[in-house]
């Protein structure tokens, strides 16, 4: 009993600290009287520790249907310090929630028992199919918002209020229909660290526009934003940029232009097909310089380009086809190769025994080096993998490749590498 008396004697700030560990649903449950409601209003709602894998069981507020969306109009009064809002309709296919019309193909009931009892809050009216429009602008009233995620919504037009949050650190706008915006609108997000905009067909402008948040950005994903233009070098001086994906964009550039002081924090990257060296190369002769450019980046950040390969483009005059029934695939892919602490690269066809000789970029370790034995063991495996193309530093010409396959037919090789395979007889 004394404990209860002490709790009742606490001020609003202290009560807010007491309930600060609860998620948003728990906070709604403790609003049993006016004093507790006032305390909850002061509480900064905790958010999920993970920004990569959210689920309905984490403390973040998920909008999964029309009912949850309409509830924002009174949640903003009950929990004004909500930090995270996720609105995700990605897996509905074409049956998306249309914010503009209020149409919801999956109108599941929600918030049973959570009726608003704040006099200033807007009560949730009975659902009227096709008539309950969601006012998305209510999101702008959560001034403590740290994470905002809108995925799979049918938006149409410019929603300026989505880009005016002084504390926002993560903004995800993926598959948002006809949402029209450009990078200059990000100036209202001075603390933005993560920007993920996948398949935003109406996002326009030059990549240079990201300079407005360049000093804070850690992760940028513009995959599928085909109307964004510019050069990768516009992002090269961002001091904290660790992850970058520009797949299926028109961003241009050449990775050979990346210097030692560019992209200094980068740990994961997909440059996209319009950046030369990002995925393909036009000539076999370019491989050495392109791999040297990647090597310089990888020495700064070893996590880059793990399990990655790049290929000679099929339209190259040096590219040729092969008979898959009687010939091996030519080694038209390049990859990094490691032996102990030593790093190099090679051409390969991605099949065991189908690699060319390695081009080593690091010097051979000293015999007194503690990793020398590991190096010798790895080197033996690397050399064994250059079996069929032994003596070739670059892919053979078509004539050389055909001659190699005539001298060493495909069938015996398959039997040697997979003597117990039931499929050998089919080759």
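Numbering (the working numbering), first residue to last: 29 to 455. Note that beta-carbon positions come from the ideal geometry of N, C-alpha and C, so glycine has one too.
How long is the line joining the alpha carbons of residue 152 and residue 242, rounded to whole angstroms? Note that residue 152 scores a pLDDT of 43, beneath 50, so its modelled location is shaky; the value from the coordinates is reported in the next line. Roughly 41 Å between the two C-alpha positions.
Cβ shell of residue 420 (< 6 Å), same chain only, five flanking positions each side left out: So the list reads 384, once near-sequence residues are dropped.
So which of 271, 334, 265, 59 has the shortest CA-CA distance to residue 250? When only C-alpha atoms are compared, the closest one is 271.
How many angstroms separate the CA atom of residue 72 from the CA atom of residue 41? Between residue 72 and residue 41, the C-alpha separation is close to 11 Å.
Taking CB distances under 8 Å as the criterion, tell me whether residue 323 reaches chain B. In the structure shown, chain B cannot be found, because there is only a single protein chain.
For residue 226, the three-state DSSP class (helix, strand or coil): DSSP places residue 226 in the coil class of the three-state scheme, outside both helix and strand.
With H, G and I counted as helix, E and B as strand and the rest as coil, what does DSSP make of residue 83? Residue confidence is low: residue 83 scores 45 on pLDDT, short of 50, so the model does not pin down where it sits. Its coordinate-derived value is still stated next. Coil at residue 83, not helix or strand.
Just the C-alpha distance for residue 194 and residue 214, rounded to the nearest angstrom, thanks. The C-alpha of residue 214 is placed about 11 Å away from the C-alpha of residue 194.
Where does residue 234 fall in DSSP's three states? The answer is strand: DSSP assigns residue 234 an E or B state.
Is residue 419 helix, strand or coil when you go by DSSP? Of the three classes helix, strand and coil, the one that applies to residue 419 here is coil, per DSSP.
Please confirm whether any heavy atom of the ligand GTP lies closer than 7 Å to the CB of residue 190. The ligand content of the structure shown is nil, which means the ligand GTP is not present either.
Give the C-beta separation of residue 339 and residue 361 to the nearest angstrom, bearing in mind that I take them to be a contact with Cβ-Cβ under 8 Å. 5 Å between Cβ atoms; contact.
Reduced DSSP secondary structure (H/G/I, E/B, other) of residue 355: DSSP places residue 355 in coil when its eight states are reduced to three.
Specify, as a first and last residue, the run of the alpha helix (DSSP H) that residue 116 falls within. Per DSSP, residue 116 lies in no alpha helix (DSSP H); the unbroken beta strand (DSSP E) holding it starts and ends at 112-116.
Host beta strand (DSSP E) of residue 177 (start-end): Where residue 177 is concerned, the enclosing beta strand (DSSP E) stretches over 175-179.
For residue 80 and residue 69, I'd like the C-alpha separation in whole angstroms. Residue confidence for residue 80 is low, a pLDDT of 47 falling below 50, so the modelled location carries little weight and cannot support an answer.
Taking the straight line between their C-alpha atoms, what separation do you get for residue 121 and residue 264? Caution is warranted here: a pLDDT of 49 is assigned to residue 121, below 50, making its placement in the model unreliable, and the coordinate value is therefore given only provisionally. The C-alpha of residue 121 lies about 36 Å from the C-alpha of residue 264.
Note down the Cα distance separating residue 429 from residue 358, rounded to an integer number of angstroms. Whole-angstrom Cα-Cα distance: 7 Å.
Buried/exposed call for residue 20, threshold 16 Cβ in 10 Å: Here the chain has residues from 29 to 455 only, and residue 20 is not among them.
Based on the DSSP output, what are the partners of residue 339 in its beta bridges? DSSP lists 308, 361 as the bridge partner or partners of residue 339.
In the DSSP assignment, what residue or residues form a beta bridge with residue 184? Residue 184 is bridged to 206.
Where do the N-terminal and C-terminal ends of the alpha helix (DSSP H) with residue 103 fall, by residue? Here the alpha helix (DSSP H) through residue 103 covers 94-106.
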